[in-house]
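*Asks:* Counting in the numbering used here, the sequence shown runs from 574 upward without gaps.
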Amino acid sequence: MKIMIVEDEALLALELELEVEAAGHVVVGTAASRKAAFDIIESSTPEFAFVDVHLSDGPSGIEIGRRLAEREVPFVFVTGNVKRIPEGFVGAIGAIEKPYTMNGLQNALSYISEKVTGDQTISPPPGLILAKSFQRQNDAS
Numbered sequence: 574m575k576i577m578i579v580e581d582e583a584l585l586a587l588e589l590e591l592e593v594e595a596a597g598h599v600v601v602g603t604a605a606s607r608k609a610a611f612d613i614i615e616s617s618t619p620e621f622a623f624v625d626v627h628l629s630d631g632p633s634g635i636e637i638g639r640r641l642a643e644r645e646v647p648f649v650f651v652t653g654n655v656k657r658i659p660e661g662f663v664g665a666i667g668a669i670e671k672p673y674t675m676n677g678l679q680n681a682l683s684y685i686s687e688k689v690t691g692d693q694t695i696s697p698p699p700g701l702i703l704a705k706s707f708q709r710q711n712d713a714s
């Protein structure tokens, strides 16, 4: 999968990039701001994204999530405060709460990869908070 990372903390972005690549995926871009994320969305057409809610230019991760949802790009929020995500998760599959473990991240990435490629039988791992709309889809399958 071609994955975009939106994270303003350089060390977390690098760790996430390494985990994504170790799992066999390609990182098409890393953004620390709304503008940089919009540029990646336009130029690289990601197939999935990890989006931090609060970036260097404020809580612009929500706007990025809306843009991804408009383009039908699946994504999850990665945040230290899940309560900052609006009800309905603006189209996100769900959220991974910081601090996360690398094992938890790998499990979430495996689940997301399977769901995006069409496996409807896999169960969500602990640590991945599903959006209610996605939970209903998951329960129906």
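Cβ coordinates follow ideal geometry from the N, Cα and C atoms, glycine included.
As the structure is a prediction and not an experimental result, all values here were calculated from the model.
(1) So, is Gly661 buried or exposed, given that buried needs 16 or more other C-beta atoms within 10 angstroms?
(2) List, from N- to C-terminal side, the alpha helix (DSSP H) runs of 4 residues or more that fit wholly inside the stretch 589 to 668.
(3) Taking contact to mean at least 3 C-beta pairs separated by less than 8 Å, is the stretch 669 to 681 in contact with the stretch 636 to 646?
(4) Who are Val689's beta bridge partners in DSSP?
(5) Ala681 and Leu701: beta carbons closer than 8 Å?
(6) Per DSSP, Met577 forms a beta bridge with which residues?
(7) When the distance is taken between beta carbons, is Val599 closer than 8 Å to Lys575?
(8) For Val601 versus Arg639, is the C-beta distance shorter than 8 Å?
*Replies:* Straight from the coordinates:
(1) Exposed.
(2) Taken in chain order, the whole alpha helix (DSSP H) runs of length 4 or more contained in the stretch 589 to 668 are 607 to 617, 634 to 643.
(3) In short, these stretches do not touch, since the Cβ pair count stays below three.
(4) Beta-bridge analysis with DSSP links Val689 to no other residue.
(5) Contact flag set, yes.
(6) Beta-bridge annotation (DSSP): Met577 is paired with Gly602, Ala622.
(7) With contacts defined as CB atoms closer than 8 Å, Lys575 and Val599 qualify as a contacting pair.
(8) Cβ atoms of Val601 and Arg639: not closer than 8 Å.
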